[in-house]
Amino acid sequence: MLGLDNIERVKPGGLELKDRLVAVNRVTKVTKGGRAFGFSAIVVVGNEEGVIGYGLGKSKEVASAIAKAVEDAKKNLVKVPVMNHTIPHQTAARYGGADIFLRPASHGTGLIAGGAVRAVLESAGIHDILSKSKGSSNPHNVVKATFKALLDIRRPEEIARMRGVSLSKVFNG
């Protein structure tokens, strides 16, 4: 998907996945017989408990482009760490021209995100987070940058084990 090594891949079998349409693009190919229209769709699927995936579908009709995108997304499912409906620590990532910044927030803050970032975070089951999208607003790159940021997050248990300290010491210093 994005070439990171700490990715925990997930099989779609038995998961209650919900899909969210991020964007549909109309593309035009000019031929000698006139213009041929096609559609490209990007979709995010998730179980709202930390398992998410994204996919791209292309077709002559919108409905089949979305269906292809959902199938593609189900092939690329990954697990991201979600604690108390937020993320364990802040993270940032860049993909192409899109630059995403994510910061954990206390309970009740809500999902402070827009567009493609919101679709990804809702699918992951994150309810309290602060985000900022800088640079390009191209939905394809924003989705990929958000995924990259979420996959860069390390679990607190993993950090505690690497440092050789207790879990409470990781959070409280």
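Under the UniProt record's numbering, think of the first position of the sequence shown as 1, with each following residue one higher.
C-beta: ideal position from N, C-alpha, C; glycine also.
Report the residue from the options whose alpha carbon sits nearest the alpha carbon of residue i.
i, options, result
"D99", "K134, L111, A69", "K134"
"G55", "L15, A23, I7, H85", "A23"
"F147", "A93, I159, R155", "A93"
"V62", "F39, G164, D19, K169", "F39"
"residue 175", "S131, D72, P139", "The shown model of the chain, from 1 to 173, leaves out residue 175, and the question about it has no answer."
For residue i, name the three-state secondary structure that DSSP assigns.
i, result
"V152", "Strictly speaking, residue 152 in this sequence is Asp, with Val absent from that position. In the structure shown, D152 sits in coil (DSSP, three-state: anything other than H, G, I, E or B)."
"A65", "helix"
"D72", "helix"
"A98", "strand"
"P81", "coil"
Kindly give me the distance between the Cβ atoms of residue i and residue j, rounded to whole angstroms, as I take these residues to be in contact under 8 Å.
i, j, result
"V80", "L151", "7 Å"
"I129", "T91", "Actually they do not touch by this definition, with Cβ atoms about 11 Å apart."
"I42", "V143", "6 Å"
"P156", "V165", "With a Cβ gap of about 11 Å, P156 and V165 do not count as contacting."
Classify residue i: buried if its beta carbon has 16 or more other beta carbons within 10 angstroms, exposed otherwise.
i, result
"R118", "buried"
"T86", "buried"
"K11", "exposed"
"G53", "buried"
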